[in-house]
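First the structure, in the form of structure tokens, and then the observations on it.
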Amino acid sequence: MKRIFDTQLIGPFAAMVIVALIVALTTERFLNPGNLSNLSLQVSIVALIAIGSSIVIFAAGIDLSSGSMVALLTMILAQMLKFIGIPLVLALPLILFAGGLLGLLIGLITAYGRIPSFITTLAALIAFRGLALTFNNGSPIFSLDPALEPIFYGKLLGVPLPFFYLVFFYALAAFTMNFTKLGREIYAVGGNPAAAVLTGINVRKVQTTTFVIAGFMTAVGAILMSARLNSGSPNYGQTLELQAIAAAVVGGASLAGGRGNILATLMGAMTIVIVQNGLNLNAAPSSVQNIVLGLIILLAVGIDMWRAEVSALMARVFGRASPGKTSAVKKEA
Amino acid sequence: MTRAAPLWEFVDISKAYPGVLANDKVCIKLMPGSIHGLLGENGCGKSTMIKTLSGVQQPDSGQILHNGTPVTINDPQAARDFGIATVFQEFSIVPTLSVGENIFLGNMPRSRLGVIDWNKVHRDTARVLAEMDVDVSPDAITGTLSVGEQQLVEIAKAIAMDARMIILDEPTAALGEDEIERLHQLLRNMRSRGTAILYVSHRLDEVERIVDEVTILRNGRVVRASGETEINVGEIVSAMVGEDIGEHYPKERNATEDAVLEASGLATNAGVIDASLTLHQGEVLGLGGVLGSGRTEIARALFGTDELTAGQLTLRGKPVRFRREIDAIRAGLALVPENRKFDGLFFNFRASGNITAAGLGGLARFGVLNLRTEEQATHDLIRDLEISSQAEEKTVNFLSGGNQQKIVIARWLFSDSDILILDEPTQGIDIGAKIAVYRLINKLTRAGKSIILISSDHDELLAMSDRIAIVQHGAIKRTVDAANLTHNDLVRASAEAHQTEPTEVFA
Numbered sequence: 032m033k034r035i036f037d038t039q040l041i042g043p044f045a046a047m048v049i050v051a052l053i054v055a056l057t058t059e060r061f062l063n064p065g066n067l068s069n070l071s072l073q074v075s076i077v078a079l080i081a082i083g084s085s086i087v088i089f090a091a092g093i094d095l096s097s098g099s100m101v102a103l104l105t106m107i108l109a110q111m112l113k114f115i116g117i118p119l120v121l122a123l124p125l126i127l128f129a130g131g132l133l134g135l136l137i138g139l140i141t142a143y144g145r146i147p148s149f150i151t152t153l154a155a156l157i158a159f160r161g162l163a164l165t166f167n168n169g170s171p172i173f174s175l176d177p178a179l180e181p182i183f184y185g186k187l188l189g190v191p192l193p194f195f196y197l198v199f200f201y202a203l204a205a206f207t208m209n210f211t212k213l214g215r216e217i218y219a220v221g222g223n224p225a226a227a228v229l230t231g232i233n234v235r236k237v238q239t240t241t242f243v244i245a246g247f248m249t250a251v252g253a254i255l256m257s258a259r260l261n262s263g264s265p266n267y268g269q270t271l272e273l274q275a276i277a278a279a280v281v282g283g284a285s286l287a288g289g290r291g292n293i294l295a296t297l298m299g300a301m302t303i304v305i306v307q308n309g310l311n312l313n314a315a316p317s318s319v320q321n322i323v324l325g326l327i328i329l330l331a332v333g334i335d336m337w338r339a340e341v342s343a344l345m346a347r348v349f350g351r352a353s354p355g356k357t358s359a360v361k362k363e364a
Numbered sequence: 005m006t007r008a009a010p011l012w013e014f015v016d017i018s019k020a021y022p023g024v025l026a027n028d029k030v031c032i033k034l035m036p037g038s039i040h041g042l043l044g045e046n047g048c049g050k051s052t053m054i055k056t057l058s059g060v061q062q063p064d065s066g067q068i069l070h071n072g073t074p075v076t077i078n079d080p081q082a083a084r085d086f087g088i089a090t091v092f093q094e095f096s097i098v099p100t101l102s103v104g105e106n107i108f109l110g111n112m113p114r115s116r117l118g119v120i121d122w123n124k125v126h127r128d129t130a131r132v133l134a135e136m137d138v139d140v141s142p143d144a145i146t147g148t149l150s151v152g153e154q155q156l157v158e159i160a161k162a163i164a165m166d167a168r169m170i171i172l173d174e175p176t177a178a179l180g181e182d183e184i185e186r187l188h189q190l191l192r193n194m195r196s197r198g199t200a201i202l203y204v205s206h207r208l209d210e211v212e213r214i215v216d217e218v219t220i221l222r223n224g225r226v227v228r229a230s231g232e233t234e235i236n237v238g239e240i241v242s243a244m245v246g247e248d249i250g251e252h253y254p255k256e257r258n259a260t261e262d263a264v265l266e267a268s269g270l271a272t273n274a275g276v277i278d279a280s281l282t283l284h285q286g287e288v289l290g291l292g293g294v295l296g297s298g299r300t301e302i303a304r305a306l307f308g309t310d311e312l313t314a315g316q317l318t319l320r321g322k323p324v325r326f327r328r329e330i331d332a333i334r335a336g337l338a339l340v341p342e343n344r345k346f347d348g349l350f351f352n353f354r355a356s357g358n359i360t361a362a363g364l365g366g367l368a369r370f371g372v373l374n375l376r377t378e379e380q381a382t383h384d385l386i387r388d389l390e391i392s393s394q395a396e397e398k399t400v401n402f403l404s405g406g407n408q409q410k411i412v413i414a415r416w417l418f419s420d421s422d423i424l425i426l427d428e429p430t431q432g433i434d435i436g437a438k439i440a441v442y443r444l445i446n447k448l449t450r451a452g453k454s455i456i457l458i459s460s461d462h463d464e465l466l467a468m469s470d471r472i473a474i475v476q477h478g479a480i481k482r483t484v485d486a487a488n489l490t491h492n493d494l495v496r497a498s499a500e501a502h503q504t505e506p507t508e509v510f511a
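See the structure below:
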């Protein structure tokens with residue numbers, strides 16, 4: 032257990048708590064039970080997609096396609112439910128499969144076609160959005176299925192269902208990354224692909240697998256998105272890929288690959304959503320929200336880059352009065 | 005010989021880092037027209053001295069005298085103004101720029117209009133290169149040159165700025181034998197023109213050849229000062245390590261008659277033309293040859309990295325075919341690559357992740373790793389190979405080169421390989437760590453494992469190999485008992501290719 036809850040979690044956790052405190056102190060309605068429940072619903076989609084984005088980043092790739100893939104998959108789902116008449120119980124697994132398949136396609140082109148993932152997923156970002164527009168003449172499809180909404184709004188023992196999805200998928204992802212051969216190979220490929228080849232790791236297969244995981248998790252997010260709005264739309268999921276990547280980065284994942292903790296991504300996602308929520312409650316326009324999101328990403332990477340300076344500063348400011356804080360920072364460095 | 009006044013003199017220079025006294029009252033005199041060797045194990049304070057002299061950092065106490073006058077070297081620019089040029093181990097050239105641009109980088113000659121005077125850049129570069137007897141075009145893109153030529157460009161920078169004092173940190177780590185000779189000739193020319201040269205190297209054989217006087221550091225202190233030490237490898241080694249280490253090359257002969265790996269007529273598209281060899285159980289088979297002769301490529305061919313276009317591999321009498329690395333690894337082969345930083349280590353992992361990387365299959369059940377077994381195995385290997393115990397807690401970038409190399413070797417012990425290909429296993433590690441690697445080689449062969457050793461250090465190759473295969477132009481010309489070869493034979497055998505080449509052209 033020492034490994035999952037390692038020092039990599041301290042920074043993102045502290046960031047999340049600080050942000051939550053600031054928002055709670057400045058915004059009256061933040062701590063209302065209704066708002067908190069809303070918050071967990073809000074975080075669920077980006078946090079689930081961020082699992083895939085993070086795993087791709089751990090293997091030194093990047094996935095820019097998830098937002099557009101969400102739009103495409105909600106349109107396919109809507110098409111199946113509304114016009115083809117495929118029952119929900121069959122349509123959902125098909126969407127998950129389709130997500131995995133799209134991820135596989137991206138992975139194969141990236142790993143075996145030797146095209147940087149930044150380019151393949153940028154191409155996918157543009158093409159998937161276009162593909163989504165080919166359904167229903169580019170118009171959203173509404174009122175899909177009455178059984179769809181409870182997937183997002185349903186509760187178990189009074190707790191919203193998305194909470195359970197988060198627990199399930201994050202537990203699975205944390206287990207995979209920390210305790211399985213695949214997880215270790217993903218970190219190895221991200222850390223040093225040349226060395227991974229020479230130790231017999233099938234680097235291309237591992238890279239491809241990360242995109243399959245990302246595609247699958249995007250499909251999970253797409254289903255929740257459809258359920259939340261009981262519709263499919265080619266406009267859904269815009270900038271979702273950037274929020275998911277931001278969650279990983281705020282969680283301390285290195286874009287160079289090899290370093291990062293999946294549970295920290297969850298905290299990163301929560302940090303971002305809390306900030307957005309705070310701005311929403313204070314009626315800040317979306318332009319301001321985007322500016323703030325940009326600054327958060329910059330700050331998160333900055334803190335990572337300036338670690339030595341930050342810990343020296345902490346040591347000077349806090350001195351010997353609080354050795355706990357400085358040593359925590361040092362351990363992380 | 006009358007001793008002239010020293011160009012530079014360190015008087016009682018001390019420098020402390022948190023927890024370490026890196027330089028403890030170091031005194032050194034650097035004479036014009038003299039090549040001064042600076043030796044010592046990693047962490048002895050050599051780098052600290054170089055940094056002080058090149059203005060990268062300031063000493064805590066002590067004096068630096070320039071022609072007898074106390075001076076301070078505030079920053080690298082000040083060092084340059086004093087005529088000090090430093091050629092660091094890690095190149096500081098820009099691979100996408102031309103040779104001329106690199107040589108004058110940061111100091112581009114300008115015409116009256118303030119634009120770069122390209123004619124002058126070209127002319128001056130050509131002059132410096134001609135002076136150095138280096139046949140490289142000033143307009144060549146530096147990244148396309150061989151590593152050796154890039155190193156010479158680095159030195160050309162020092163000459164172009166008319167340095168009175170040049171510091172070379174491990175200048176030959178990436179060079180082949182003939183390139184080393186060329187560099188040495190260049191240094192001798194500079195010496196005769198009165199330049200002071202500070203030469204840092206781990207390669208004692210070449211120190212013996214080139215250096216006029218030696219200063220040896222241990223734990224931040226000068227243990228042998230200039231003029232005190234005869235340039236004698238045995239004495240230098242014991243002064244550096246601080247104990248009489250006995251045999252510098254503790255070779256054990258464990259070779260048997262049983263052939264484990266046979267290669268006949270191997271060829272690849274990567275430059276192997278005709279490689280045949282037989283490796284016996286418990287044997288160390290050395291591959292000798294110049295840089296670029298195809299030794300590393302033969303290793304890659306054996307390991308399944310490069311596809312074979314011809315030839316046959318036989319493992320314990322059975323023909324085998326390795327389509328990729330994992331096939332070779334499963335068959336018991338291991339490759340410790342030449343460049344451990346780029347091809348060997350995972351800097352994001354602690355020792356455990358590095359050690360088990362090639363043996364994850366044995367650690368996993370239904371894909372789930374047994375982390376307790378991993379920690380235990382790592383702990384045992386760290387103890388057995390005497391790796392710093394810090395490796396258990398910290399990622400491997402914190403470790404010394406010797407410890408890092410042992411970790412890469414430990415990886416193949418964990419995966420239970422019995423044929424190890426070691427490509428330049430002691431490059432850039434200090435003498436104590438080298439001897440540890442030699443002892444490890446003995447331990448492995450004693451346990452019945454077989455080793456293919458690639459090394460550019462001729463003394464090491466001769467001493468540690470049972471037999472040596474001479475590699476030229478991607479082909480193994482012949483294999484001889486190491487005992488029947490001398491250093492000179494090996495140099496000549498390696499160089500033969502270069503002498504025969506022109507005659508072929510003119511024939």
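Heads up: the sequence lines are chains S and X, in that order. Numbering (the numbering used here) for the first sequence: 32 to 364. Numbering (the numbering used here) for the second sequence: 5 to 511. All C-beta atoms in this analysis are idealised placements derived from N, C-alpha and C, irrespective of residue type, glycine included. Since we're looking at a predicted model, the values are computed, not measured.
- Fully contained in the region 64-97 of chain S are the following alpha helix (DSSP H) runs of length 4 or more, in chain order: 64-89.
- Annotation: Cβ neighbours of GLY231 of chain S in chain X (cutoff 7 Å, chain order): GLU329, ILE330, ILE333, ALA362.
- LEU188 of chain S sits in coil when the DSSP states are folded into three classes, being neither helix nor strand.
- In the pairwise beta carbon analysis, the region 126-142 of chain X is classified as not touching the region 40-58 of chain X: fewer than three pairs are separated by under 8 Å.
- The DSSP assignment places 355-360, 364-367 as complete runs of the alpha helix (DSSP H) inside the region 332-384 of chain X, in order along the chain (cut-off: 4 residues).
- Around the C-beta of ASN236 of chain X, fewer than 16 other C-beta atoms lie within 10 Å, and the residue is accordingly described as exposed.
- Remark: fewer than three beta-carbon pairs, one from each stretch, lie closer than 8 Å, so the region 329-336 of chain S and the region 35-52 of chain X are not flagged as touching.
- Of all residues in the region 66-98 of chain X, none places a beta-carbon less than 8 Å from a beta-carbon of chain S.
- Counted as a single uninterrupted DSSP element, the beta strand (DSSP E) harbouring GLY66 of chain X occupies residues 65-70.
- Between MET165 of chain X and the set X:TRP122, X:PHE86, X:GLY147, the nearest pair of CA atoms involves X:PHE86.
- Residues of the region 174-201 of chain S that bring their beta carbon within less than 9 Å of a beta carbon in chain X are absent altogether.
- At a cut-off of 8 Å between beta-carbon atoms, VAL341 of chain S makes no contact with chain X.
- Taking the CA atoms as reference points, LEU70 of chain S sits about 13 Å from LEU197 of chain S.
- Assigned with DSSP and collapsed to three states, LEU187 of chain X falls in helix.
- Residue environment analysis places GLN380 of chain X among the exposed positions, since fewer than 16 neighbouring C-beta atoms fall within 10 angstroms of its C-beta.
- Within chain X, the residues placing a beta-carbon under 9 Å from that of GLY289 of chain S are PHE350, PHE351, ASN352, PHE353, ordered along the chain.
- Rounded to whole angstroms, ARG304 of chain X and ASP310 of chain X show a C-alpha spacing of 6 Å.
- Contact annotation, THR483 of chain X with ARG471 of chain X: C-beta distance approximately 6 Å; criterion of less than 8 Å satisfied.
- Listed by position along chain X, the residues whose Cβ is nearer than 9 Å to that of TYR218 of chain S are PHE350, ASN352, PHE353, GLY357.
- Per DSSP, the unbroken alpha helix (DSSP H) holding LYS124 of chain X starts and ends at 122-135.
- Distance from the CA atom of ARG192 of chain X to the CA atom of VAL91 of chain X, rounded to whole angstroms, is 17 Å.
- Contact between THR296 of chain S and ILE82 of chain S holds: CB atoms are separated by about 7 Å, below the 8 Å threshold.
- Within chain S, ALA225, ALA226, LEU229 have C-beta atoms less than 7 Å from the C-beta of ASP347 of chain X, given in sequence order.
- Nearest C-alpha to GLY110 of chain X among X:ILE439, X:LYS161, X:ASN71: X:LYS161.
- Between ARG215 of chain S and chain X, the shortest Cβ-Cβ separation is below 8 Å.
- With the rule of 3 Cβ pairs closer than 8 Å, the region 83-101 of chain S counts as touching the region 215-222 of chain S.
- Residue nearest to SER257 of chain S within the set S:LEU56, S:ILE172, S:GLY161 is S:ILE172 (criterion: CA-CA distance).
- For the pair of segments examined, the region 178-189 of chain S was found not to touch the region 272-283 of chain S: the number of CB pairs separated by less than 8 Å stays below three.
- Put simply, the region 421-437 of chain X does not touch the region 371-378 of chain X. Fewer than three CB pairs are less than 8 Å apart.
- At a cut-off of 8 Å between beta-carbon atoms, GLY452 of chain X makes no contact with chain S.
- Residue ranges of uninterrupted beta strand (DSSP E) with 3 or more members, entirely inside the region 451-491 of chain X and ordered along the chain, are 454-458, 471-476, 479-485.
- The DSSP-derived three-state label of ALA51 of chain S is helix.
- THR211 of chain S places its beta carbon 8 Å or farther from that of ARG415 of chain X.
- When X:LEU385, X:ASP461, X:ALA134, X:ILE220 are compared, the shortest CA-CA separation from VAL241 of chain X is found for X:ILE220.
- Straight-line measurement puts the Cα of SER96 of chain X at about 12 Å from the Cα of ALA89 of chain X.
- Residue nearest to LEU289 of chain X within the set X:VAL475, X:PRO99, X:PRO74 is X:VAL475 (criterion: CA-CA distance).
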